[in-house]
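**Q** I have a structure I would like to understand better, so I am pasting it below and will then ask my questions one at a time.
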Amino acid sequence: MKTMTCKQLGGACDKEFHATSFDEIAEMSKQHGMEMFQKKDAEHLKAMNEAQDLMKNPEAMKSWFENKKKEFEALPEK
Ligand SMILES: [Zn+2]
């Protein structure tokens with residue numbers, strides 16, 4: 052299991068996600084992001100706006116994703 056926080060995954064809080072693969076942790080952070088979006092949490096809405104800007108540029112999005120994946124792979128197993 053590896054741990055990354057909401058912030059590390061482009062979010063806005065220190066909530067920790069635990070998963071064995073990056074795809075899994077990305078999915079967990081997405082679910083959490085949608086939850087916070089529904090609660091209209093200002094910090095998460097801001098982070099999401101920035102993410103949407105990134106998504107308009109598929110190349111930038113891809114390299115962001117690759118970087119995060121590398122960050123995840125580099126984490127120690129617990
Ligand atoms: Zn969060």
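Taking my numbering, the leading residue of the sequence shown gets 52, the next gets one more, and so forth. Every residue gets a Cβ at the ideal spot worked out from N, C-alpha and C, and that includes glycine. Model, not experiment: these values are computed from the prediction.
When we look at the beta-carbon of K53 and count the other beta-carbons within 10 Å, is it buried (16 or more) or exposed?
**A** The residue given as residue 53 occupies position 2 in the sequence shown. By the 10 Å Cβ count, K53 comes out buried.
**Q** Suppose you measure from the CA of T56 to the CA of M79; what does that come to, to the nearest Å?
**A** Here the question's residue 56 lines up with position 5 in the sequence shown. Here the question's residue 79 lines up with position 28 in the sequence shown. Spanning the two alpha carbons is a distance of roughly 11 Å.
**Q** For the beta strand (DSSP E) containing E128, list its first residue and its last residue.
**A** Along the sequence shown, read from residue 1 onward, the residue named residue 128 stands at position 77. Segment: none, E128 is in no beta strand (DSSP E) and carries neither H nor E.
**Q** Residues in its own chain within less than 7 Å of K58 by CB, not counting five upstream and five downstream?
**A** Locating residue 58 in the sequence shown gives position 7, where the first residue counts as 1. Here the set comprises C64 and D65.
**Q** Given A98, which residues of its chain have a CB within under 7 Å of its CB, disregarding the five upstream and five downstream residues?
**A** Start at 1 with the first residue of the sequence shown, and residue 98 comes out as number 47. Excluding positions up to five away in sequence, the list reads G61, G62 and A63.
**Q** Could you tell me the boundaries of the beta strand (DSSP E) in which A102 lies?
**A** On the sequence shown, position 51 is the one that residue 102 refers to. Premise fails: A102 lies in the alpha helix (DSSP H), A93 to M106, not in any beta strand (DSSP E).
**Q** Can you pull every residue whose C-beta falls closer than 6 Å to some heavy atom of ligand 1, listed in chain order?
**A** Having a Cβ closer than 6 Å to some heavy atom of ligand 1 are C57, G62, A63, C64, K66, H83, M87 and H95.
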